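**Student:** One structure, pasted below without further comment.
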Amino acid sequence: MDDALIEKLGILADAAKYDASCASSGAKPRRGGKEGLGSTTGAGICHAYTPDGRCVSLLKILLTNHCLFDCVYCINRRSSNVRRARFTVEEVVKLTLGFYKRNCIEGLFLSSGIIRSPDHTMEQMMLVARTLRRDHGFAGYIHLKTIPEASPWLIEQAGLWADRLSINLELPTDHSLKTFAPEKNGGTIKAVMGQVNERIVEAKEERRRFSPAGQSTQLIVGADDATDRSVLETSGTLYQRYGLRRVYYSAFSPIPEASSVLPVKPPPLQRENRLYQADWLLRYYGFTVEEIASGGEGGMLDLGIDPKLAWALKNRERFPVDVNRADREMLLRVPGLGARAVDKILSARRHTRLRMEDLGRLSNGLRRARPFLIAADYHPVGGLTDRLDLRQRLVTPSSQLSLF
Amino acid sequence: MRPIALRDGADLDGFRRAVRRLAAARTAPEAVLWSVGAPSLFGDDAPTPDEGAPVLLPQAVGRLIETVVCHGDPERYALLYRLVWRVLNGERALLDQHADPLVHRLERLNKAVRRDIHKMHAFLRFRALPDPGGGERYVAWFEPDHHIVEAVAPFFVERFESMVWTILTPKGSLHWDRHRLMTGPPAERPDSLADDRFAEGWQRYYESTFNPARVNPTAMRAEMPQKYWANMPETAAIPALVRAAPARVQAMLEAEAAIPRRRMPEKAVAAMGRQAPDSLADLNRLILRSEPLVPGATRAVLGEGTEGAAIAIVGEQPGDQEDRDGRPFVGPAGQLLTAALEEAGIERGGLYLTNAVKHFKFVQRGKRRIHQSPTAGEVKHYRWWLMTELGFVRPRLVVALGATAALALTGRPVAVLRERGPMAFDGWNGFVTVHPSYLLRLPGEEERRRAQADFVADLRRAAALA
Chain A
652 MDDALIEKLG ILADAAKYDA SCASSGAKPR RGGKEGLGST TGAGICHAYT
702 PDGRCVSLLK ILLTNHCLFD CVYCINRRSS NVRRARFTVE EVVKLTLGFY
752 KRNCIEGLFL SSGIIRSPDH TMEQMMLVAR TLRRDHGFAG YIHLKTIPEA
802 SPWLIEQAGL WADRLSINLE LPTDHSLKTF APEKNGGTIK AVMGQVNERI
852 VEAKEERRRF SPAGQSTQLI VGADDATDRS VLETSGTLYQ RYGLRRVYYS
902 AFSPIPEASS VLPVKPPPLQ RENRLYQADW LLRYYGFTVE EIASGGEGGM
952 LDLGIDPKLA WALKNRERFP VDVNRADREM LLRVPGLGAR AVDKILSARR
1002 HTRLRMEDLG RLSNGLRRAR PFLIAADYHP VGGLTDRLDL RQRLVTPSSQ
1052 LSLF
Chain B
0 MRPIALRDGA DLDGFRRAVR RLAAARTAPE AVLWSVGAPS LFGDDAPTPD
50 EGAPVLLPQA VGRLIETVVC HGDPERYALL YRLVWRVLNG ERALLDQHAD
100 PLVHRLERLN KAVRRDIHKM HAFLRFRALP DPGGGERYVA WFEPDHHIVE
150 AVAPFFVERF ESMVWTILTP KGSLHWDRHR LMTGPPAERP DSLADDRFAE
200 GWQRYYESTF NPARVNPTAM RAEMPQKYWA NMPETAAIPA LVRAAPARVQ
250 AMLEAEAAIP RRRMPEKAVA AMGRQAPDSL ADLNRLILRS EPLVPGATRA
300 VLGEGTEGAA IAIVGEQPGD QEDRDGRPFV GPAGQLLTAA LEEAGIERGG
350 LYLTNAVKHF KFVQRGKRRI HQSPTAGEVK HYRWWLMTEL GFVRPRLVVA
400 LGATAALALT GRPVAVLRER GPMAFDGWNG FVTVHPSYLL RLPGEEERRR
450 AQADFVADLR RAAALA
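Just so you know, the sequences run in chain order A and B. One rule links them: number in the working numbering = place in the first sequence (from 1) + 651. No gaps in the numbering here: position 182 of the second sequence is 181 in the working numbering, and each next residue is one more.
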């Protein structure tokens, strides 16, 4: 690796850092064996954490940050003045193998600005994946961000080599897309999601490999005026209609060379966090978008408390819940009880009537759950859930993050 | 009191033998005194004659023991034996009782070991050293909290099977030579593990992927405690990155909105639209370059005939002979088709002949390559090629031979014998009939003659429609 390549790596990693996804989970177990390299275990490993608290699991880079598009939220848009660079297929392959052999990464997450044409760009990305797999027997994780404007055949070729394909929607409404990403087309993006989903479902039924870890997308939050409710409605549709594995939320972050159309102040990072929490409620806790949104005001989630607690405070009549009797669905709605804790409760209560002391060993969130629970030796007196100051009592005072 | 001494580290075998003897003698946990680090009572690995019979435990208990013996807590064996004793004495489902203090404590030990294993998988970094043999040798130094060196070995062997590597730790070492795993004694921290330029590149990557607008060192430390940093070349950059972050963000916020450089985007964006293949020859080049979407395939077999032919005939997929010759409809079924066309008075040379699937799907049995029908998913996967191809040929009529072609052209399963005849395809005037290979498979002479006559009649009808 020479100076020039290190320099390029700096530029093209910097350009890729606004993509939220670095996940390497969900792939089928696989190993490279004596002639190849690497393995996937299904779970994914975070190999480091950066000082922004986010993990490094994959080598997340762009093939190039040259781009024909002019999406205002993007630092790589054609009208931006950033330094530009471009990797060759061989260089990306070399970097991936080199870092993988040193156990720095689980694999590659390759994205790209659009150069020459969407097809040309997509083909280069597909060639990286194909070279890694076929010429080097690389069995690590490969995530390709597809270029939605590329021809269907190229996206389908990419699915043969990648573990995951993603097609970034970036903005939750068609209106915002038109304003902020004039060359993008929401219809095209969703058509590709539909096409990819169809191939994934077929391949699963026929036991073939096609993007076995599914597809994902990213929504930028806070660049436009979309409410949390409309963001979550979009996610709900994506999960249901296109079988997406994950929707990533990325709080719009100040960028160098920002466009004048963008808001000056970034949204609070907490908003992104609340959306992730809401997303979990959507996927694993049986909540509807409507229920989650009803916990906040005016279509925005409450930034002070998590969406499950917000919902519970507005539906106090449904509490307290008896941990020794309630069904799984209702236990999952108790603030402070996660899915793992609920499963432990269900299995433990087959043997014994659970007391508060027992619950303390089953869950780490008991402090928050307490007002909403009935246990064998505990019944909230005088209806604690009616107390007006309950919200105050449950909110942890926010503390300033410490710097070195 | 019954003294039991086990080897240093994770002495799973020693513990297993002890449990057998203790269970056979029905020794209660209170009567056992466990100690670690003394030479083993049982000698090294030789089983002792008075070893008890194997003890049957639920699988989950076995798995828990395997992990917890790796913990550094000197009490671990006593706790585990109390668990075993209770499980053997009427509490088979004890592990389900997550609220039981003993279970809870063991779960915490289990979690600590699993976390340690996970962190070693994650934070261990290999350095590449030149190998006397000309290749590269990878060496790593790591300091785990618990006795997990042997427990992590399978992961590294599986992942880096094709490399030669050594992992050194104060609790033992591992060496893999691409064939065999050798375990070795505890190691000292090597004086220097020289970093190569990949380590330098990795540090540059780490710095570049950090977003200063999101600085949150608390979250970072929660997942990557400082005790691991010494082993990871990239972490040297952390203090400077964190210190500089607020100023970098302030500079971004204060900067004037960027004034775009003048460019000619219209031309570039317009050029983007011209990416679809613009001729049949262009499309065929793409097909030849593409990866087969069916297993076994060797090369793509392209369509044949003239653009603008009145009739395009679509078959299933190339067979063995077609794959060898690189031309469609040259095998036994193709010859039968040629004969039928002749009988129907249609000149083969005036048609466009192609297949729904462009590659020969087969399984190898000895020297023979056995044809496999493409699945519905594979057929649909090839649809884009077929439809684009027909778009260039622009026939007046598309004839589907058999169910696979009909599926490709209509997007739905078609019962060929019942639905044969004219049919609207996706944007094309269509006609469905049987595939000639169906005629080859019919058993009776009489039956085959009749079916062949029907096939010829179909071809005549189609020709009349075109």
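All C-beta atoms in this analysis are idealised placements derived from N, C-alpha and C, irrespective of residue type, glycine included. This structure is a prediction, so every number in the text was calculated from the model and none was measured.
(1) Nearest CA to the CA of Gly-933 (chain A): which residue from A:Leu-748, A:Arg-880, A:Ala-909, A:Val-972?
(2) Can you pull the chain B residues whose beta carbon is under 8 angstroms from the beta carbon of Lys-796 (chain A), in chain order?
(3) Look up Cys-706 (chain A) in the DSSP assignment and give the residues it is bridged to.
(4) Do three or more CB pairs link the stretch 715-724 of chain A to the stretch 193-208 of chain B at distances below 8 angstroms?
(5) Would you say Trp-931 (chain A) reaches chain B, if we count a Cβ-Cβ gap shorter than 7 angstroms as a contact?
(6) Look up Pro-2 (chain B) in the DSSP assignment and say whether it is helix, strand or coil.
(7) So what's Ser-998 (chain A) in DSSP terms, helix, strand or just coil?
(8) Cα separation between Leu-688 (chain A) and Phe-141 (chain B)?
(9) Do you know whose CA, among A:Ile-712, A:Lys-685, A:Arg-922, lies nearest Ser-672 (chain A)'s CA?
(10) Residues in the same chain with beta-carbon distance under 7 angstroms from Ala-244 (chain B), minus the five sequence neighbours each way, listed in chain order, please.
(11) Alpha carbon to alpha carbon, how far is Gln-96 (chain B) from Arg-1000 (chain A)? Give it in angstroms, no decimals.
(12) Pull up the DSSP beta-bridge partners for Asn-354 (chain B), would you.
(13) How about Arg-158 (chain B) and Ser-731 (chain A): are their beta carbons less than 7 angstroms apart?
(14) Using a Cβ-Cβ cutoff of less than 6 angstroms, which residues in the same chain neighbour Ala-736 (chain A) once the five nearest sequence positions on both sides are dropped?
(15) Shorter than 7 angstroms from the beta carbon of Cys-722 (chain A) to some beta carbon of chain B?
(16) Determine the closest residue to Leu-982 (chain A) out of A:Glu-948, A:Met-1007, A:Lys-679, A:Phe-1023, with distance taken between C-alpha atoms.
(17) Can you tell me which of A:Arg-681, A:Lys-685, A:Asn-727 puts its alpha carbon nearest to the alpha carbon of Ile-906 (chain A)?
(18) Contact check, Arg-126 (chain B) vs Val-138 (chain B) under 8 angstroms by CB: the rounded distance?
(19) Buried or exposed, going by whether 16 or more other CB atoms sit within 10 Å of the CB of Lys-995 (chain A)?
(20) Got a sec: is the Cβ-Cβ distance from Ala-671 (chain A) to anything in chain B below 7 angstroms?
(21) Could you check the C-alpha separation between Ala-790 (chain A) and Lys-752 (chain A) for me, to the nearest Å?
(22) If you run the structure through DSSP and keep just helix, strand and coil, what is Thr-432 (chain B)?
(23) Suppose only complete runs of 3+ residues qualify. What are the beta strand (DSSP E) ranges in the stretch 756-815 of chain A, listed by chain order?
(24) Please report the residue range of the alpha helix (DSSP H) in which His-70 (chain B) lies.
(25) Say whether chain B places a C-beta atom closer than 7 angstroms to the C-beta of Arg-1019 (chain A).
(26) Tell me the rounded alpha-carbon separation between Asn-754 (chain A) and Arg-896 (chain A).
(27) Using the C-alpha atoms, what's the distance from Ala-92 (chain B) back to Ser-39 (chain B)?
(28) Quick one: give me the first and last residue of the alpha helix (DSSP H) that Pro-958 (chain A) is part of.
(29) Kindly provide the ranges of any beta strand (DSSP E) runs that are 3 or more residues long and lie completely inside the stretch 46-133 of chain B, ordered along the chain.
(30) CB-CB under 6 angstroms to Asp-957 (chain A), same chain, minus the five flanking residues each way: which ones, in chain order?
(31) Does the contact criterion of 3 or more C-beta pairs under 8 angstroms hold for the stretch 421-435 of chain B versus the stretch 299-309 of chain B?
(32) Going along chain B, which residues have a C-beta under 8 angstroms from His-717 (chain A)?
(33) I need the straight-line Cα distance from Tyr-792 (chain A) to Met-223 (chain B), nearest angstrom please.
(34) Give me the subset of the stretch 204-220 of chain B whose CB atoms are less than 7 angstroms from a CB atom of chain A, sorted by chain position.
(35) Could you compute how far the alpha carbon of Ala-801 (chain A) sits from the alpha carbon of Val-392 (chain B)?
(36) Could you say if the stretch 669-683 of chain A and the stretch 147-154 of chain B meet the contact criterion of at least three C-beta pairs nearer than 8 angstroms?
**Tutor:** Per the coordinate set shown:
(1) The question names Gly, but residue 933 (chain A) is Leu in the sequence shown. Answer by Cα proximity: A:Arg-880.
(2) Result: empty, since nearest Cβ-Cβ is about 15 angstroms, beyond 8 angstroms.
(3) As DSSP reads the structure, Cys-706 (chain A) sits in a beta bridge with A:Tyr-700.
(4) Contact fails: fewer than three Cβ-Cβ distances are below 8 angstroms.
(5) Interface with chain B (7 angstroms Cβ-Cβ cutoff): Trp-931 (chain A) is excluded.
(6) Pro-2 (chain B) carries a strand assignment under DSSP once its states are collapsed to helix, strand and coil.
(7) It is helical.
(8) About 22 angstroms.
(9) If we check each option's Cα against that of Ser-672 (chain A), A:Ile-712 comes out closest.
(10) Correct list, in chain order: Pro-211, Val-214.
(11) Going by C-alpha positions, Arg-1000 (chain A) is about 8 angstroms away from Gln-96 (chain B).
(12) Per DSSP, the beta-bridge partners of Asn-354 (chain B) are B:Gly-314.
(13) Not a contact, by the Cβ cut-off of 7 angstroms.
(14) Correct list, in chain order: Lys-659, Ile-662, Leu-663.
(15) Closer than 7 angstroms: no.
(16) Nearest Cα to Leu-982 (chain A) within the set A:Glu-948, A:Met-1007, A:Lys-679, A:Phe-1023: A:Phe-1023.
(17) Looking at the Cα atoms, A:Asn-727 is the closest of the given residues.
(18) With a Cβ gap of about 6 angstroms, Arg-126 (chain B) and Val-138 (chain B) count as contacting.
(19) Taking every protein chain shown into account, the CB of Lys-995 (chain A) has 16 or more other CB atoms within 10 angstroms, so this residue is buried.
(20) The beta carbon of Ala-671 (chain A) does not come within 7 angstroms of any beta carbon belonging to chain B, so the residue lies off that interface.
(21) Between Ala-790 (chain A) and Lys-752 (chain A), the C-alpha separation is close to 12 angstroms.
(22) Strand.
(23) If we require 3 residues or more, the beta strand (DSSP E) runs fully inside the stretch 756-815 of chain A come out as 758-762, 792-796.
(24) In the DSSP assignment, His-70 (chain B) falls outside any alpha helix (DSSP H), carrying neither H nor E.
(25) Taking a beta-carbon distance threshold of 7 angstroms, Arg-1019 (chain A) does not count as an interface residue toward chain B.
(26) Separation of Asn-754 (chain A) and Arg-896 (chain A) (C-alpha to C-alpha, rounded to the nearest whole angstrom) is 26 angstroms.
(27) Confidence at Ser-39 (chain B) is low in this model, with a pLDDT of 43, below 50, so the placement of that residue should be treated as unreliable; the coordinate-derived value is given next. In this model, Ser-39 (chain B) and Ala-92 (chain B) are separated by some 32 angstroms (Cα to Cα).
(28) Residues 958-965.
(29) Listed in chain order, the beta strand (DSSP E) elements of length 3 or more contained wholly in the stretch 46-133 of chain B are 126-129.
(30) Within the same chain, Asp-957 (chain A) has close Cβ partners Gln-928.
(31) No: fewer than three Cβ pairs fall under 8 angstroms.
(32) The premise fails here: His-717 (chain A) is roughly 10 angstroms from chain B at the closest Cβ pair, so nothing lies under 8 angstroms.
(33) C-alpha separation (whole angstroms): 22 angstroms.
(34) Residues passing the 7 angstroms Cβ filter: Tyr-204, Tyr-205, Ser-207, Thr-208, Phe-209, Asn-210, Ala-212, Arg-213, Val-214, Asn-215, Pro-216, Thr-217, Ala-218, Met-219.
(35) A straight line joining the alpha-carbon of Ala-801 (chain A) with that of Val-392 (chain B) spans about 23 angstroms.
(36) Short answer: they don't touch.
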